[in-house]
Structure formats: C-alpha cells, structure tokens
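Same order as they appear, the protein sequences are chains Z and V.
Final position of the first sequence in our numbering is 756; the numbers increase by one with none missing.
Final position of the second sequence in our numbering is 756; the numbers increase by one with none missing.
Glycine included, every Cβ here is placed at the ideal spot set by N, Cα and C.
So the structure is just underneath, and the comments pick up after that.
There are 2 protein chains.
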Amino acid sequence: MTNFEAVQELLAKLSIAADTTSHASVASGDAWQAELTKQAVNARVTKTLVLKPKTAKSATVAPVVVFALDDATVPLGPLAKKLGVKEMRMAAPDLLQEVFSVLKEDVSPFMLANVDRAAYATVHVVVDADLLASEAPVAFHPAQADKTVALTGAALRAFLTGSGIEFVEVNFKELAASAPAPAAAGSSTAAKSKPAKQVKQAKAEAEEATGTAKIGVEAKKESDFPKWYQQVLTRSDMLEYYDVSGCYIIRPWAYNIWKEITAFFDGAITEMGVEDAYFPMFVSQRVLEREKDHIEGFAPEVAWVTKAGSSDLEEPVAIRPTSETVMYPYYAKWIRSHRDLPLRLNQWCSVVRWEFKHPQPFLRTREFLWQEGHTAHLTKEGAGEEVYEILDLYRQVYEDLLAVPVIKGIKSEKEKFAGGLYTTTCEAFIPTTGRGIQGATSHCLGQNFAKMFNIVVEDPNTPADAGEPEKLFVWQNSWGITTRTIGVMVMVHGDDKGLVLPPRVASVQVIVVPCGITARSTEEDRKRINAGVEEVVRTLKRAGVRARSDVRDNYTPGYKFNHWELRGVPIRLEVGPKDLEKRSTMSVRRDNGSKAAIAMDDLQTAVPALLRTIQDDMFARAKATFNQHVCRVEKWDDFVPTLNGKNLVLIPWCEREECEDSIKERSARADEGEEQDERAPSMGAKSLCIPLELPQDGTIVPGETKCVACDHHAKRYALFGRSY
Amino acid sequence: MTNFEAVQELLAKLSIAADTTSHASVASGDAWQAELTKQAVNARVTKTLVLKPKTAKSATVAPVVVFALDDATVPLGPLAKKLGVKEMRMAAPDLLQEVFSVLKEDVSPFMLANVDRAAYATVHVVVDADLLASEAPVAFHPAQADKTVALTGAALRAFLTGSGIEFVEVNFKELAASAPAPAAAGSSTAAKSKPAKQVKQAKAEAEEATGTAKIGVEAKKESDFPKWYQQVLTRSDMLEYYDVSGCYIIRPWAYNIWKEITAFFDGAITEMGVEDAYFPMFVSQRVLEREKDHIEGFAPEVAWVTKAGSSDLEEPVAIRPTSETVMYPYYAKWIRSHRDLPLRLNQWCSVVRWEFKHPQPFLRTREFLWQEGHTAHLTKEGAGEEVYEILDLYRQVYEDLLAVPVIKGIKSEKEKFAGGLYTTTCEAFIPTTGRGIQGATSHCLGQNFAKMFNIVVEDPNTPADAGEPEKLFVWQNSWGITTRTIGVMVMVHGDDKGLVLPPRVASVQVIVVPCGITARSTEEDRKRINAGVEEVVRTLKRAGVRARSDVRDNYTPGYKFNHWELRGVPIRLEVGPKDLEKRSTMSVRRDNGSKAAIAMDDLQTAVPALLRTIQDDMFARAKATFNQHVCRVEKWDDFVPTLNGKNLVLIPWCEREECEDSIKERSARADEGEEQDERAPSMGAKSLCIPLELPQDGTIVPGETKCVACDHHAKRYALFGRSY
C-alpha cells in the first residue's frame, strides 16, 4: 500500500469527505497552486514547516511542526514564546528522519495519524486557525508531491480529532499582533485596519503573553532564577524588551538609579580634576585598527555602518566599542608638553558591542550606557595612583550606593584589557547562581597606546647639562563603569516579591499609603486621611526624603502594597484613621518586612535614620553572604566540589596562563554534557582577580607554597569562579 | 614633429641630460616599471593625477595636476587644504581636453612647457618633493605610453624652472603626517618608526596647519566669518575637527556649556513631571518605516548598520535619526487606560542624520547631542499646553542662559515636522550673515502617530448610558533641543578676540591673574602676590562664583590675558603689588572691555552683581541688534533688497505653500550664479515662523490685507529669511 492509499483508507474510515487529485510533481506552493488551478481544483494550498527550537546538546530535541495556509505569516518569536520553547529555526532534514523516520516532503496531518504518538511525544503540532476555519477546501500532499488531498477546514479538524492527534490551534495573525512591537510591526497592514474591539483583545493577549498585566512575580528566585530576573525587571517597570535583539529599553524606574550613580561618580571625578567631553560614536577603520592587540579583542563585536539612506558609504565606519582609538590620536595633538599633563577626560555615552552570546538585560547587551575615563600622565606612578583612586570610587558605587559587596583585585594576564599593562577590577557575586561578575574595571594602559599613537613629551627632569631633552611616552589609564551595575543590584537584593532597592538609589524612598478607608467611610473620612497622607509626604520632603503618596482611588491598599513592594520602595508608611488619632504612622521595611510605628512628629528624624539603617543592613547581609561563599581551598580535589556548591574559590596560584586554561577545562562540568555556553552552569572557572586584600587569612611562602592547580610554585592567592 | 621629438628638442635646448627609451606600450605603473627593468633602464616610474576640486557651477574649474613617484601616497584632504581648494576628486577625461586640449595620457611636465601658461592659468601644478629629490632618474612618458624619458630629480627641477612652469613642491609624507589624525593614521607605518625629532617637526607643522599653536584669532568676524568661526572654536579649545566627516569632538570647554543647559532643562522638565529614560539607538527597518510621511522626511539621512565583525547582519538596523518610531510601539503597550496619561518621557542621547550637505560644527553635524521629549496626552488641549510650556523653556535656554534673543512662533505647513500636526519653534538670528537659524522645536504630533502605532485608551468621559466606551487615540508631542545652541551662542556673541561667554554658562566665570611680577621682584613678592590671588579665588568660590587662578610661571600676564579672552571668560581680575597694598583688584569685562577697581572686601557681592550685569548687557545688546534686523516689509519690491541688507523680513502672508516656494525662488540671488547651496548667501528665503507675538506693530484686516508676495489675502504676519 502506498502512502497515498493509506491516506485514502484513513479518510474513508473516519467518513471524512476529501477530494484527491493527481498532478505533476510540484516543488513550491506557487507551482502547486498553479497545478490545482490548471485542473480546476478549488483548493487553497498549504505549507508545512518543521522547526527546531534551540536545545541544550544533551537534551532531547522537541521539534515543532506547523501546518498553515501557504500565504500565512508564522511569527516565529511569539510562537516560540507561546509554546515555551527557545528560538526556533528551520530544521535540518536529518531531524525529521530521526524523529519520524520520514522526509520533510512526507510530513502531513495524514502521516501523523499513521505514526504512534509516543514516537513523537516531544513534538509540538501547531495548526493555523485560519486553515481550520477555511470553508474553501485546503490542500495537502499525502506524502507525495504529485498528489493532492483537499478537504475543508472543518473536515481537517474532524480528521485530526478523530485520529487522536494532539495539536495546538494558533491564530497567527492575532499572535503576531499581540506580541510586542516587532511582530506587530510585521503585520502592520492588519493592525492598521483593526477595529477598537480587536485592539482591546490584542492588548489583553499581549499583557498575558508578556506578563505586564500581572502584578507581582510568579517565578521563584531560587528555583527559576532566569525567569525571576526577567519578571522582576519587566514587572517593576525597570526594563522593556525591545525588538532589536540584545537591546533593551531602560525605563525611568531603572534610569533614575543610573542618574544617582552618574551624579555621584561625576561629582567625584570632577573633584579629582577630570573633565567631561564628548567624542564621536564613529571611528574610521584605519584608526580603529591602529593598535593590534586592542582591536583583536574587539573586532568580532564591532558594528559597521556601511550605508546612509540608499547610498553605500565610500568607507564603512565603525561604532565605538570603546574609545581608546577614537581619542588617542587627539591626545597626541593636545599633549605638547609635560605641562599639559595629566590630561584627564571622561565621557558618558553608549557603546556598542555586537556580541553573539546570549544577551541578558543590563549584564550583557549590545548597546550599553557607561562612562569611560581616559587619562594621560607623566609617570607610571602618577597613572597608578589614579587607577586605584578610580577603582575605589567604583567600590563605593557598588558598596555605598547599591549595597553590593565587591572584592577589589587585579586581573590575570589572560583576563586583562586588550592592549593594556594591567587591569584592576571590582568583582561582585551573585549568590543564587554562585557566579562571580565583573563589576567595573580600571586599567593602566602603560605606554603601549602612547607608542602607537605617538603621545610624547619632553622629559622635564632631563638634567640641564644633558643636551637634547629625553622624549617620554606618556602613561595612560582608561576606566569604565556601566549600566551592568543595575542588573547586579537587582540580582543581589531582589526577592520573591520583586525588587528591593537600596535607599540611596531609590527614586522613591518612602511610599505613603492611605489605609482603613472602607465602604462605611464618609467622604469626609477619606479626605481627612488623604490630607494626613499628604502632610506626611510634605514633612518627609522637607527632610530631604524622596517620598510619594499613592492616593489612587481605584485600587485597594493591598494592591498598592504589592505594587510598591514589587518596585522595591524601601519604606512603606501606612496612614489610617486610628493612626491619625494617635498622630502616628506604621512603617514597613521592604528589605525585611519588619513593622514599627513612627510618631508623626518624629518623621523628620526617624525616617532618614531608618533609611540609613536599611542601607546598612542590606549591605551587611549581602556582605555576610558574600564572605560565606568565598572559600579558601588548599587542594585540587576540593576545587570543583566547592565551585559546585555555588562558591567562589580562593587558591594559592602560580599565575601561569596555561594553568588558568587548564583550571577552566578541568572545572567544566563535562559530565552534564550541555553545550559549552556562558549561560550554562557547566562552564569552567575563570580567574576573577588577584585580590588586593585577602578576604581571609592566608600566606604564601615563596618557593614553597604550591599552586593548588598544578605543580608550580604559587605566587599569590587568586579568586576563581564561574562567572557572567 | 611628434610630441616625443618636441620633448627631446626642449631638453636639448635647456641642456638637460635625459635618457630616452622605447618600449611596449604600458597601461600601468607596474607594467611600466617591468618594461624598464626588462630593458635594464635604471629609473623610477612616476604617476600623474589630474584632480578636480569641488567648484560652484558658474565658476571656472581650477584643476590640480600632481606629478609624483608611482608609489607615493597623495593625501588628498590635506593637499586640498594646502592649496586652498575644496574636496578633490579624480577628474573626468573631458576636463583635460577642455583645459589643455589633450588626453590624460599626454600630460607630463614636458607637455606643460609647450603650453602657454595663460591657457592653464587656473591650474595648480603640484610636484612630489621626493620626486625632485630623487638621485635615481625618474621616468615620464613624453606624451606617448611607449616611450620613456628618464632624468634625475635635479634635472627635472632644472627643466621646470627653466621652462617657466610655476609649480608647488609638496612633501606628501610630511603633509600627511602633519594633518590631524586621519591622514597621520593613513601613514601609520611611517609614523611608528619616526624618531622623536621628526615627531617634533610634524607636531609643529600640525600646529601651524590647524592653528592650535597660535593664540588668538586672526580671521575677522565681519570679513571672513566662516574662518573666524572655525578659528574661534578650535583655538578656544571648544572643538576639535575629527577624521570622520561631519563629526566633531566636543571638548570640555564646550561640553560644560551643554552640561549647564542640560542641568537647567532637565531640572525644569522633572518639575513638570517628565521622567528620563533610555531607548536603544537601533531601530529595525520595519518599525522605522511604519509612519510614511515621517520616514520620508528622514530616510535619505538614515545610517544603516549592516555588519557586525565580519558577518553581515540578517537584517540591517538603522541608527535613530529621532526616536518617534523607536518609542511609540511601547507607548501603545504601556498606555492601557486614561489613568496612564499623560505619559511623559525624555532622553538625553545622540542621534545620527547622515546629511550630505556641507557640515558645520554644532550647527549641522552627522551625530549630535540632544534631548528628545515624547509625551502622550488625553486631549488636544493638554498636549497643546505642554507644547508651549516646553517652547518657553527653550526660549529660556537661549535668552536666559545663552543671552541669545529668539522669536517664538509656529512653522508653516511646509516647514513643520514630518508626520506632525503643528510645529512651534524658537528662531534665532546671526547678524553677521543676516541669516535666521532654527533654535529648537516643540511639536504637537496630533493623533497621527497614535493611529499608526495604535495608542488608544477608553474615553473616560463617555456618558454612563452610552454602552461601550468610546476609543480615543492619544494626543502626542515631541520636542528637542540640541548642541546647536552652542554654535549659535558663539556666532552671536563672539568677537575678533574670540569667544565671549555669557556668565551663566561659563565654566570659568572669573579668571584671577597675578600681575606686576618683574625681574626685580623677589621670590617673596611673587609668593605674596600669588597668595593674594588664591585668597581672591577662595573668596569668590565661597560666594558661589566659578573662579580660577592662572599662576603659571612660564607665561606673561599679557599672554594670559589673551589666553582667557580667547576663551571668553566673562571677568578677569588682576592682582598686583599695588592692588594688594590697597586691598583692591582690577576687574576687566570680556564683553565690553571696561575696567573697574573692586575692593577685596566687596568681592563677594560686587562680582556676582557684575556677572549679572554682564549677562543682562549681553542679552540687551543682542536683542537690540536682533530687533534692528527684523524689518517689516509691505511690498514685494522691498523684499529682496531688505533681505540682501542682512535682515529678516516680516510680511503679511497668505500661508500658501505655492507662495512659499515662489518666495524662495524669487529671492535667490540667481544673478550671482553660484550653485544653489544652503551655505551660499545666494539661497532663497524660507519662512522661519509665524511669530506668536509680533515684534512690531502690524495688523491684518481679514479679506483686505494682501499677501506681500502674491495676490491672495494675507492671513498672518510671517517671518522670512535666509537661514541655516
């Protein structure tokens, strides 16, 4: 029995009316439609897509089979989201053979009826709703490209149901419209003519899909950290996903934190004598490629502008991934004498690194905001002093503003800045994943760039009798801190209720909520309570506290509590009728939930004090956790188990690059067989830094203490860890 | 007599030794060199470039002919600068025929000797210095590709001089090295191995070329405004030219002004309830093109990223020229109810408009800094109120901060923002050129974008008994102000000594200079005076004045006076020995040069008061000039003469686009015949705005007053002018 005969038998068995036609073998939808038209068969041709979602190597692939009208647009992104799978691509032919033991041409709804469901248990079968709703017959190949079976949408549904095929019916148009901007834009014609009712429905769906309609976070931080992180960011209004991959919208709730960081840091460096400037975002190829080691580090991620309007540019220009090569030709021009030193410039801007690794909001994005300082000094010592001065400002940003503990240290040769002399770093730690994360780096570039760009002065210390003064290449630094700070802060402090903001960076430090207004309250009661609330806000503002009231009349106090807890506001003050009588308010701390009454008359002093306490407590807790997870290890056998226990590992180390490579290799969880990917917890440990101060006691006896990872002598203690 | 014979005759006449060789006809330098080598002729082959500088259509083309060693790199940009011509390109063959009546192949130094110099009076002849210095013979074709005449560099020089050929000798290597970064980068191999001595020389030349070595401005504002503008910007350290065309480096001296503007404006809009956010710089093509009118306005200037590293992107992404289409898909998502209105976001960022018009620092650049506010409102009235509130903040930036008078008004339909409902504007005026300049615009977008992006809410005012609530598209505004502000300020206030900074935006308001230290002064005198200077600075800082001392010991007071005058510092305070005795200082105003003694004990009050006076005086003077140049015209015959008198013209106007086009055409100085170019003073007048308040009396009688430019009835007074 041919496949075709089998299909006919099947349809007969289920008493489903279908017309069958033979025709020339066709290779495209258009050719097929033409054949049917030629034979006067009234049927709409269909298409079958076989898709492979992104899957870890070790996991079983769960293909997605889509049956749709040939002219339907299948929105892959939203569909993947709906099915709960990752990024889908067209499957390679061998996948089909593996799963169904058939060729792609053979896949049809009819074929599925002949295959044991168990054989394709993992397969998602998706059917276009338009196809099922079609009154005109829809055409399938019964596993042969020269035959057509045509049946109405209703008959198709009867067939699928009758033969027990589990499938998901999807309205692709609505799915596309309901998704955020990109997909909606893709089907813009449909969207434009959509009546208001459908708009409402599409919006409701969009809200469902993206979770914005939900208040609060469902994912648990401990059990599903990636989803938790995403939900916290989007539902607290910090961030919105954007339709260009790897780019995100920083919403005011997050941007305000960045403003606090910039205000602090810009103030501090201005005090040091650093001045702000702005250099262009574009770099010509020849300037970009002037320093070889440096460009090798960045080249694969450089974005190139090659067109303007519809014209090709004569020469493509790069978008700065960092500005060393943008700035230093001009440093060579501006620095004409040692009197022009130190030259210290800084800019606040965005840079672009078109990474192909998995992007993650704030932590790894293709465009990010940062400051980059670039300075030139007469001496190595002068440059070095600044390197550490800046490093400590970065520590202050993390520890004092964001209440996130960091360890200051020096990067290994392998991990240092491309083209620089040495790199210092603030390393933070994400306890939930046990991974380290580079917080900010301050590099001494040495004289390497000065030599490439010819930044030279006459040595003012040349002895008078030495004739021609000596030429000196200047010593340079560069240093930067990015919006990554915000992501680290969220990961360290957030909890299952959402964001927890350290008071110093919270744009709303205190939210004042009226309580105790019930159905029996009079209008006068309501007014009196709201007036009390506003009085509290005024008092706090006068005391320099960023306070806001929430007197919305269409939400319950409970809703408001959740709303502001999700957004991490450090203190909630409740003001009810009884509180007013007692001239008191009830304070609730976001960080630990503890409640305490505060007399109205004490607000001006008690609230600022409480904010300071919260800030200190948050840091102390995070610091304790950090310390707990920095484990000293004295023999290799303990290395990987300690790492697997979500810890960073401190070891006496030889500082050899071969040893570093070997540690990475030997500490990867090869047994779990997942793809080697920065995301995967299976990756090997990198050296995070050689700490400036050992977090724990430990001495190295030169020529005696051995490196924990190899036979060589250890030089210093180094911190290793899996990292972001 | 063949050309070849003519050359030989000529050489003989001048008694110049030259070897001549016949060989196969060659079409390239390499083939030529190969032919000579084959024939064992010891000679270096040369090349001849014929270049055409950019020239106005009506002007006579002045070609540039370059003779150089075949392997020489000719730096076209620096060469053009050196010759004082514009952008050069390879000439089309017909140019040669036109000028010399010869083919390109025929051009050689020998040919020039046979042509009357008058016939090529406009031609620049450039000869490679390396070629003239060559001890090995250099090879030319004597107007035939199968013949070679070889002679030493010295012989060539003798020939050129002997036959009266005027030429410019250029060392291309040095020229390339002396130019700013780009050219230097182009010859990086050379630069790397350059010994320190040459570096010094190259630097000196670079300084000469770009004028940074000079203190003060040589160009006069009135007689050579473009050069004056360039010199003021670069020599005051505000701006540096950059090697990507249309992009400039904003140095701290200018960036600080931008910081003052941002601090003022961001504070004001925060007060209004606007919040800062950051949206990605990239837009996908489909989103960018969603609003047709809008994108039509921007499409030709959009820069496209098509590559990352060495891979082509699957889909090119645009760099935002403005962010309407970047933001509004998300507004549609975020605005779910009238309670979400008004939504008011702002961002400080850079945008890219890859204009092909002549760029001008600050005024027209391919990347520029700005803020862009984007807001959504429930009602047209609500949106309109904000439009004017923002417009007035822009007026304050210009008038109160920069002391630059502006006229607020509404743009004509032709000049309004692409895709918007109406555009309001602050128009400034540059007296030196008599041209208007758009200062900043605040647009009401109406509901157009809301409809395109489906930004809709339910009407909260739907009567309760009306059933389903009405759907309302929101009313939107967008508004922006850019770093153009800085350029306008420089043009309005600067004078022949350089920059003049309004005190409110000057990062140094008072410079305190020690005077009266002579050769006879003791070290103690010097110390006492410097101590006095520092005391003055401390006193001023305590009074909130941005004061700085200049106690450099390697410059004279005179040098320092020039240095700070060039940089526009509003007040100079001189402190000398006699001043100290009298506890007094001498103040000198930058804006008008007036001097007055200020007692040390009065500094805290007198200096802030003087700064206010200067600010007010600068504005008053600029305002008086502005008013003088806004001329009401009641008949067409006066229109162009008034315009030509460097004025803006105020006329009763019909507001028809045809009339606007006709005015532009009829007011262009066609007789001068220059290319129609925004730069040229010949361009026609555009409508600048319909002023909100008439700067002079004037009434329009509806149905009676005629448009000055046509026969239709006038609607309102409109301001016309040539503009930037």
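Taken through DSSP and simplified to helix, strand or coil, serine 277 (chain Z) comes out as coil.
The beta carbon of methionine 120 (chain V) does not come within 7 Å of any beta carbon belonging to chain Z, so the residue lies off that interface. Note on glycine 735 (chain Z): under 16 other CB atoms within 10 angstroms of its CB, so exposed under the neighbour-count rule. Per DSSP, reduced to three states, the secondary structure at methionine 313 (chain V) is coil, with no helix or strand assignment.
Within a 10 Å sphere around the beta-carbon of arginine 570 (chain Z) sit fewer than 16 other beta-carbons, which makes this residue exposed.
The region 477-489 of chain Z and the region 502-520 of chain Z touch, with three or more beta-carbon pairs separated by less than 8 Å. At a C-beta separation below 8 Å, tryptophan 336 (chain Z) has these neighbours in chain V: Val337, Thr338, Lys339, Ala340.
Non-local beta-carbon contacts of valine 155 (chain V) in its own chain, meaning distances under 7 Å to residues more than five positions away in sequence, involve Ala94, Pro95, Val97, Val131 in chain order. Along the region 299-320 of chain Z, going in chain order, the ones with a CB nearer than 9 Å to a CB of chain V are Glu307, Asp308, Ala309, Tyr310, Phe311, Pro312, Met313, Phe314, Val315, Ser316, Arg318, Val319. Taking the Cβ atoms as the reference, serine 195 (chain V) lies roughly 7 Å from leucine 46 (chain V), within the contact range of under 8 Å. Your pair lysine 440 (chain Z) and leucine 423 (chain Z) checks out as a contact, with CB atoms roughly 6 Å apart and the cut at 8 Å.
Taking 7 Å as the CB threshold, isoleucine 281 (chain Z) lines the interface with chain V. Runs of the alpha helix (DSSP H) spanning 4 or more residues and lying entirely within the region 513-544 of chain Z occur at 516-525, in chain order. Of the residues assessed, glutamate 697 (chain Z) falls on the exposed side of the cut-off, its CB having fewer than 16 other CB atoms within 10 angstroms. With distances taken between CA atoms, serine 255 (chain V) lies nearest to V:Asp528 out of V:Trp64, V:Ala309, V:Arg644, V:Asp528. Closest in alpha carbon position to valine 170 (chain V), among V:Met122, V:Gln176, V:Gln65, is V:Gln65.
Across the structure, leucine 83 (chain V) and aspartate 102 (chain V) are spaced so that their CA atoms are roughly 16 Å apart. The region 527-543 of chain V makes no contact with the region 369-387 of chain V, as fewer than three CB pairs between them are under 8 Å. Contact between the region 466-474 of chain Z and the region 52-68 of chain V is not established, with fewer than three Cβ pairs separated by less than 8 Å. In this structure, alanine 350 (chain V) sits near valine 315 (chain V), with a CB-CB distance shorter than 7 Å. Proline 602 (chain Z) has no beta-bridge partner at all, per DSSP. With respect to the 7 Å criterion, alanine 300 (chain Z) and leucine 207 (chain Z) are not classified as neighbours on the basis of their beta carbons. Interface residue (Cβ-Cβ distance to chain Z less than 7 Å): tryptophan 668 (chain V) is not classified as such. The C-alpha of arginine 396 (chain Z) is placed about 25 Å away from the C-alpha of tryptophan 366 (chain V). DSSP places arginine 621 (chain V) in the strand class (E or B) of the three-state scheme. If you ignore the 5 residues before and after asparagine 74 (chain V), its C-beta comes within less than 7 Å of the C-beta of Ala168, Pro169, all in its own chain and listed in chain order. If you draw a straight line from the Cα of aspartate 325 (chain Z) to the Cα of tyrosine 360 (chain Z), it comes to about 16 Å. Interface criterion met: the Cβ of proline 332 (chain V) is under 7 Å from a Cβ in chain Z.
By DSSP's assignment, glycine 468 (chain V) forms a beta bridge with V:Phe461, V:Ser755. Between glycine 590 (chain Z) and cysteine 547 (chain Z), the C-beta spacing is not below 7 Å.
Burial check for glycine 451 (chain Z): the Cβ neighbour count within 10 Å reaches 16 or more, so the residue is buried. Here the alpha carbons of tyrosine 280 (chain V) and tyrosine 274 (chain V) stand approximately 5 Å from one another. Taking the C-beta atoms as reference points, glutamate 328 (chain Z) is found no nearer than 7 Å to glutamate 387 (chain Z). Exclusion of the five residues before and after histidine 370 (chain V) leaves Leu410, Val489, Pro492 as the residues of its chain whose Cβ lies within less than 6 Å of its Cβ. For phenylalanine 388 (chain V), the three-state secondary structure derived from DSSP is coil. Interface criterion not met: the Cβ of tyrosine 591 (chain Z) is under 7 Å from no Cβ in chain V.
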